[in-house]
Ligand SMILES: Cc1ncc(COP(=O)(O)O)c(C=O)c1O
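Residue numbers (our numbering): -2 to 363.
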């Protein structure tokens, strides 16, 4: 109806490649004429058990209070997170929407035109987005063929303009952990902020948060979207030095954590049963998938596995699985991930069996 007005938009925005999310159940149902109820969605690393029943109850109980703004500093949730993580409230920031909101907030206070951020690829695609929107330039460092990180390469990529180094452990989409010694090497040799993304840490054998007690340029990002099954509420948090909490809070969007999200988050943290069930389901399921998917499957410390379908193409296999009502994530939209990798979220045991069967059939069809 109207001509576009690109002159109103910051130049940096045109450099942003569109973020490609996993396909939704509705999209696939429509595309292949399937009953949405029959579709298994294993493309976004969500919790197949759903949220904790305690969190659902808290959401319902919070509903009548939705006319009132939530507390600006999310104190109740930060206190619960303090008990959960073992860090003081003064080191914790609650963020919305999700951990993505934390990344937005940090870039907002740190990145200005011409600054650089380091992103080891392949990894979670969002890091470069808020950095670019703030005028920053991502510097990509390719991971080793087994997806481990070469800390020397990261250090070589540092310049006088480097402001943030994004590290992900377990890494999405490869599922491997960053060794503590590698993180120490990087943190100790830069003045930049090192952001460790621990979205999947509950599924892993180790976390890196304890290093926060030793370094003042380290931040750990976490989320309620994965093990806590609250992706739809968009709730995340960061653990960071007090000096950074102060500056972050100065520029953060006020009330970014909604009242229902805050209450559900507190309730989810109190449900150790659901947490343990979710962790065990993922740990057992990922071993099952690793042994039974008829392609190369990488070891994983997360609630997903990475499948290499070489010599076949990930897009073809993904399409073939989707026609069977199984949504998985072709990794061809991840930088430096090539065209043969597929990320599969661990489902329930029944879903995992269906996935394996579908991979077997697709292997012969494609
Ligand atoms: C590694 C990683 N970090 C962060 C996020 C985003 O988390 P949130 O849903 O809290 O924004 C995701 C979501 O898939 C992720 O895989």
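Glycine included, C-beta positions come from ideal geometry on N, C-alpha and C.
Please read these numbers as outputs of a predicted model, since none were measured by experiment.
task = Whole angstroms is fine: what's the gap from residue 44's alpha carbon to residue 33's?
result = 18 angstroms
request  = Assign residue 140 to buried or exposed, taking buried as 16 or more other Cβ atoms, counted over all protein chains shown, within 10 Å of its Cβ.
outcome  = buried
key: beta-carbon residue 237 near ligand 1 non-hydrogen atom, thresh 7 angstroms   = no
query = Should the stretch 124 to 136 be called in touch with the stretch 99 to 113, which here means at least 3 C-beta pairs below 8 angstroms?
reply = yes
key: Expected contact under 8 angstroms - CB spacing of residue 351 and residue 314 to nearest Å   = Not quite, the Cβ-Cβ distance comes to about 15 angstroms (not below 8 angstroms), so this is no contact.
key: Chain-ordered list of residues that sit, by beta carbon, closer than 6 angstroms to a heavy atom of ligand 1   = The filter returns 42, 95, 96, 97, 121, 165, 169, 194, 196, 220, 222, 228, 233, in chain order.
ask   = If you drop the 5 nearest sequence neighbours on each side, which residues of the same chain put their C-beta closer than 6 angstroms to that of residue 144?
value = Only 171, 173 meet the Cβ criterion.
query = What are the residues that DSSP puts in a beta bridge with residue 92?
reply = 233
ask   = Which first and last residues belong to the alpha helix (DSSP H) in which residue 32 is found?
value = Taken as a continuous stretch (DSSP letters only), residue 32 belongs to no alpha helix (DSSP H), as it is neither H nor E.
inquiry  = Rounding to the nearest angstrom, what Cα-Cα distance links residue 84 and residue 161 in this structure?
reply    = 23 angstroms
task = Using 10 angstroms around the beta-carbon of residue -1, count the other beta-carbons present and answer buried if the total reaches 16, otherwise exposed.
result = exposed
task = Tell me whether residue 11 is buried or exposed, calling it buried when 16 or more other Cβ atoms sit within 10 Å of its Cβ.
result = exposed
ask   = Which residues in the same chain have their Cβ closer than 6 angstroms to the Cβ of residue 231, if we skip the five residues on either side of it in sequence?
value = 93, 94, 95
Reference residue 198, options 117, 100, 80, 276, closest by Cα = 276
task = Below 8 angstroms CB to CB, which residues in the same chain sit around residue 245 once its five sequence neighbours on both sides are set aside?
result = 90, 102, 103, 106, 235, 237
ask   = Quick one: Cα of residue 242 to Cα of residue 344, how far?
value = 36 angstroms
inquiry  = Could you give the first and the last residue of the continuous alpha helix (DSSP H) run that contains residue 148?
reply    = Its alpha helix (DSSP H) spans residues 148 to 153.
ask   = Within this structure, are the beta carbons of residue 342 and residue 49 separated by less than 8 angstroms?
value = In this structure, residue 49 does not lie closer than 8 angstroms to residue 342 by Cβ.
key: Euclidean distance between Cα positions of residue 30 and residue 356   = Residue 30 and residue 356 have their alpha carbons spaced roughly 20 angstroms apart.
message = Assuming contact is defined by CB atoms lying nearer than 8 angstroms, are residue 337 and residue 306 in contact in what I supplied?
response = yes
inquiry  = Within the continuous beta strand (DSSP E) that includes residue 218, where are the two ends?
reply    = Per DSSP, residue 218 is one residue of the beta strand (DSSP E) stretching across 215 to 220.
Cβ-Cβ distance between residue 367 and residue 155 below 8 angstroms = Outside the modelled stretch of the chain, which goes from -2 to 363, sits residue 367, for which no answer is possible.
First and last residue of the uninterrupted alpha helix (DSSP H) at residue 260 = 256 to 266
ask   = With 16 as the cutoff for other CB atoms within 10 Å, does residue 112 come out buried or exposed?
value = Taking all protein chains shown into account, residue 112 has 16 or more neighbouring C-beta atoms within 10 Å of its C-beta and is therefore buried.
message = Please list the terminal residues of the continuous beta strand (DSSP E) segment that includes residue 72.
response = From DSSP, residue 72 is part of no beta strand (DSSP E) but of the alpha helix (DSSP H) over 72 to 82.
Length of the line joining the Cα atoms of residue 193 and residue 146 = 13 angstroms
request  = Quick one: grab the DSSP three-state call for residue 143.
outcome  = coil
message = My output table needs one value for residue 165: the three-state DSSP class, helix, strand or coil.
response = strand
inquiry  = At 4 residues or longer, what runs of the alpha helix (DSSP H) sit wholly inside the stretch 286 to 346?
reply    = 311 to 320
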